[in-house]
Amino acid sequence: MTSTRRLGTRQITPIGLGCMQFAGRGVNLYPPVPQEEVQAIVAAALKGGITWFDTAEMYGGGGSERALTTALHNLGVRPGEVLVASKWTPFGRTARSIEKTAPQRVAALQGYPLDLHQIHAPGGSFSSLARQVDAMARLYRAGTIGGVGVSNFGAAAMERAHALLAAQGVPLVSNQVQISLLHRSVERDGVLTAARRLDVTLIASSPLRSGALTGKFHDNPGSTASLRGMRRLLGGRYGYSRRALDRTRPLIDELRAVAVVHGATPTQVALAWLVGYYGDTVVAIPGASKVRHAEEAAAAVDLALSGRELETLAEVSTRVLRG
Ligand SMILES: NC(=O)c1ccc[n+]([C@@H]2O[C@H](COP(=O)([O-])OP(=O)(O)OC[C@H]3O[C@@H](n4cnc5c(N)ncnc54)[C@H](OP(=O)(O)O)[C@@H]3O)[C@@H](O)[C@H]2O)c1
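Quick note: to get the working numbering, add 66 to the position in the sequence shown (first position is 1).
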């Protein structure tokens, strides 16, 4: 039976579906996914047991939110049957735009509740964090949103957001930050410790390091040439260059070795590590541009790695990250 995790007052699968890939032309990281394919991906995620979806205003200015909820609607999913998380874009805006754009978010979600609304980044707004948090708290009290989250917040900013909300009796549900076997800064920068202390769920973005942990680029380095420039740039030291692939290959080899034992794929082992190694604090939102990706992600929920496998993967990852 699939286990669940708590997100605020809701229960969710440890793995949800990241929906940046559904942004249309709005995000420069991934090519557009046609709506029929979006629907097939969402159908595969639901069939595999996934109960929640992460999107954002920034992903195509509402394009991802609309693509996701159009698919949910066409698939006969009733509002409230799944959890939908979105994000407010702070860049170049004041906190006033949180409430001003909330009706746009609600419209883009086409009847599906905005169960979790996240401040997409700690910087970039002209307003103080206190004002941003106040606006979110008002939306929460008005019932427009089901919970308040933040994203890309360091430990100090997360603690402050938590304290500002707590003073108004509003819980901080989550902090969405990059975590994977190739990105483990939460262990050093205080975010993991603070999240555990404050009972804040960490939602791991880019849990496959944007595909680098799947092993497909190691198998076929030439395929990285077709990746969009921004994605290649963000890949950096552990991304897609020949050197980067050589650097991370020992980790892919270990993922493969564990995958063989379980009859699984390296992708599934990487996801199972993420939601196993950190206990209940971390949930993950892999993105999918193909049906197979969503099928693999959903099935990874049922893959339980042994303590020894979790530790060995962590050790190999540490060596790669230090190398
Ligand atoms: N809060 C933030 O600032 C922030 C930042 C980044 C992401 N996010 C969220 O996190 C989600 C996930 O991040 P992400 O999409 O950047 O990275 P990711 O989940 O680490 O990687 C997704 C990509 O990996 C490849 N992939 C996935 N499953 C695969 C499989 N089974 N086999 C082979 N390849 C597979 C696909 O690449 P191809 O499409 O090339 O095949 C897919 O697009 C996003 O959708 C978004 O919701 C949030």
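Note that CB positions come from ideal geometry on N, CA and C, so glycine has one too. In this text the structure is predicted, and so the values were computed from the model without any measurement.
Check your understanding: Should isoleucine 245 be counted as a contact of ligand 1 given a C-beta to heavy atom distance under 8 Å?
Key -> no
Check your understanding: Among the residues of its own chain, which have a CB less than 7 Å from the CB of phenylalanine 157, if the five just before and after it don't count?
Key -> Gly190
Check your understanding: Taking the C-alpha atoms as reference points, what is the distance between threonine 22 and phenylalanine 192?
Key -> Residue 22 is absent from the structure shown; the chain starts at 67 and stops at 389.
Check your understanding: For the 8 Å Cβ check, are there 3 or more pairs between the stretch 168 to 185 and the stretch 144 to 152?
Key -> yes
Point to revise | Cβ-Cβ distance between valine 199 and isoleucine 185 below 9 Å | key: yes
Check your understanding: Considering only C-alpha positions, which residue in the set Pro80, Ser307 and Arg204 is nearest to lysine 166?
Key -> Arg204
Review point. Is the beta carbon of leucine 195 less than 9 Å from the beta carbon of alanine 270?
Key: no
Practice item. Report the residue ranges of all alpha helix (DSSP H) runs contained in full by the stretch 239 to 322; include only those spanning at least 4 residues, in chain order. Key: 257 to 264, 282 to 285 and 295 to 301
Check your understanding: The beta strand (DSSP E) spanning arginine 72 covers which residue range?
Key -> 71 to 73
Check your understanding: In its own chain, which residues sit with a C-beta less than 8 Å from the C-beta of threonine 135, not counting the 5 before and 5 after it?
Key -> Val150, Ala174, Leu175, Gln176, Gly177 and Tyr178
Review point. Would DSSP call isoleucine 78 helix, strand or coil?
Key: strand
**Study point:** Reduced DSSP category for glutamine 170 - H, G, I as helix; E, B as strand; rest coil
**Key:** helix
Point to revise | Distance, alanine 350 Cα to threonine 378 Cα | key: 20 Å
Review point. Taking C-alpha atoms, which residue in Met202, Gln170, Gly209 and Leu247 lies nearest to leucine 230?
Key: Met202
Practice item. Please list, in chain order, all residues of the same chain as alanine 233 whose beta carbon is under 6 Å from its beta carbon, the five residues on each side excluded. Key: none
Exercise for review: Have a look at glutamate 375 and leucine 337 and give me their C-alpha separation to the nearest angstrom.
Suggested key: 13 Å
Check your understanding: Quick one: what's got a C-beta closer than 7 Å to histidine 139's C-beta in the same chain, skipping five residues either side?
Key -> Gln176
Exercise for review: Consult DSSP for phenylalanine 88 and reduce its assignment to one of helix, strand or coil.
Suggested key: helix
Review point. In whole angstroms, what is the alpha-carbon distance linking methionine 67 and arginine 159?
Key: Note that methionine 67 has pLDDT 46, beneath the 50 cutoff, so the model's placement of it is unreliable and the number below is only indicative. If I take the Cα positions, the gap works out to 45 Å.
Practice item. Within the same chain, show all residues whose beta-carbon is closer than 6 Å to that of alanine 110, passing over the 5 residues directly before and after it, in chain order. Key: Val357, Ala360 and Glu361
Review point. According to DSSP, is isoleucine 351 helix, strand or coil?
Key: coil
Review point. Is lysine 153 near ligand 1, judged by its Cβ being under 8 Å from some heavy atom?
Key: yes
Exercise for review: Could you please give me the residues that DSSP links to glutamine 184 through a beta bridge?
Suggested key: Lys153 and Gly215
Practice item. Grab the span of the beta strand (DSSP E) containing aspartate 120 for me, first residue to last. Key: 118 to 120
Exercise for review: Would you mind sorting arginine 385 into buried or exposed? The rule is 16 or more other CB atoms within 10 Å of its CB.
Suggested key: exposed
Check your understanding: For ligand 1, is there a heavy atom less than 8 Å away from the beta-carbon of serine 251?
Key -> no
Review point. Which two residues bound the contiguous alpha helix (DSSP H) that contains tyrosine 206?
Key: 195 to 207
Point to revise | Pick from Phe88, Tyr96, Pro97 and Asn94 that is closest to alanine 106, judged by C-alpha positions | key: Phe88
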